[in-house]
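For the sequence shown, my numbering begins at 192 and goes up steadily by one. Quick reminder that beta carbons are idealized off the backbone N, C-alpha and C, glycines included. Report on the structure given below.
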Amino acid sequence: MEWLAKVFEFLKLPTKIIAFFAFISGLLLFIPEKIVKTLRLTDFINEFGKYFGIAFLISSIYLLFIFIPYFIKLLSAKYKNHKANKSFINSIEETLNGLSYPEKCLLREFVLQNKNVIEAPIENTEVVSLLNKGIIQYASNNVRSFIFGHFACIQINEKAKKYFTNDTYGLPNKEPTEADRRKIIQERPDFLTRLEYVNNLMNGLR
Numbered sequence: 192m193e194w195l196a197k198v199f200e201f202l203k204l205p206t207k208i209i210a211f212f213a214f215i216s217g218l219l220l221f222i223p224e225k226i227v228k229t230l231r232l233t234d235f236i237n238e239f240g241k242y243f244g245i246a247f248l249i250s251s252i253y254l255l256f257i258f259i260p261y262f263i264k265l266l267s268a269k270y271k272n273h274k275a276n277k278s279f280i281n282s283i284e285e286t287l288n289g290l291s292y293p294e295k296c297l298l299r300e301f302v303l304q305n306k307n308v309i310e311a312p313i314e315n316t317e318v319v320s321l322l323n324k325g326i327i328q329y330a331s332n333n334v335r336s337f338i339f340g341h342f343a344c345i346q347i348n349e350k351a352k353k354y355f356t357n358d359t360y361g362l363p364n365k366e367p368t369e370a371d372r373r374k375i376i377q378e379r380p381d382f383l384t385r386l387e388y389v390n391n392l393m394n395g396l397r
């Protein structure tokens with residue numbers, strides 16, 4: 192049973208070394224005879240060749256046991272990610288088409304402010320709804336607290352943004368008229384006035 196003990200000792204070696212043994216033993220097993228003669232390895236292979244096969248077999252089986260579960264886990268993760276993305280894509284258009292007009296007005300602020308990140312009250316009905324639908328997400332963990340509410344930075348989910356249209360923002364498909372512009376300004380969220388007042392006040396104290 193001494194050989195079995197040596198096998199277990201061998202398997203305690205780092206994976207990289209075992210992989211090296213598998214490569215070398217496999218190379219010496221399957222190397223063409225012409226190259227063996229050229230490199231003058233004939234005597235070496237004749238003396239130690241009986242060990243190459245068992246070394247290659249044991250190290251290869253060990254590596255298979257190590258890497259097969261890894262690749263299965265990797266493929267499983269990719270499949271789950273693909274399935275989740277496909278499910279999101281299948282439902283996103285329906286979700287965007289079902290947005291309420293106040294939700295569209297909130298999303299429109301990203302266009303009007305020309306920003307990728309804006310501040311909004313976390314208690315706001317539209318903010319909560321869009322977060323739950325996966326249309327927007329928090330841009331950071333920072334929250335600013337005021338008497339009139341708690342404000343956090345939000346951004347549009349990039350996966351969802353690819354499917355946005357003018358209608359998603361509640362914007363006309365053609366050049367807006369003066370009446371359209373006035374309507375858009377009137378429909379801006381109420382919290383903007385209070386937030387702007389506080390920001391101006393804080394900037395004045397600096």
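Selection from the options that minimises the alpha carbon distance to residue i
i           : options            : result
residue 320 : 292, 309, 250      : 292
residue 219 : 207, 208, 239, 210 : 239
residue 327 : 335, 341, 339, 309 : 309
residue 246 : 272, 217, 268, 359 : 217
residue 276 : 392, 388, 348, 387 : 348
residue 212 : 252, 234, 224      : 252
residue 249 : 316, 317, 210      : 210
Sequence-distant residues of its chain with Cβ nearer than 8 Å to residue i (five each side left out)
i           : result
residue 334 : 313, 341, 342, 343
residue 302 : 360, 362
Bridge-paired residues (DSSP) for residue i
i           : result
residue 337 : 340
residue 308 : 346
residue 354 : BP columns for residue 354 are empty, so no partner.
residue 329 : 345
Environment of residue i [buried if 16+ CB atoms lie within 10 Å]
i           : result
residue 372 : exposed
residue 361 : buried
residue 259 : exposed
residue 377 : exposed
residue 399 : Because the chain spans 192 through 397 in this model, residue 399 falls outside it and cannot be assessed.
residue 231 : exposed
residue 298 : buried
residue 382 : buried
residue 392 : exposed
is_contact[residue i, chain D] using C-beta, thresh 9 Å
i           : result
residue 323 : Chain labels in this structure do not include chain D; a single protein chain is all it has.
Beta-carbon contacts of residue i that lie in its chain and below 7 Å, excluding the five residues immediately before and after
i           : result
residue 351 : 283, 325, 326
What are the start and end residues of each continuous alpha helix (DSSP H) run of 4 or more residues lying completely inside the region 203-262, in chain order? Note on the region 203-262: whole alpha helix (DSSP H) runs with a minimum of 4 residues are 206-221, 224-229, in chain order.
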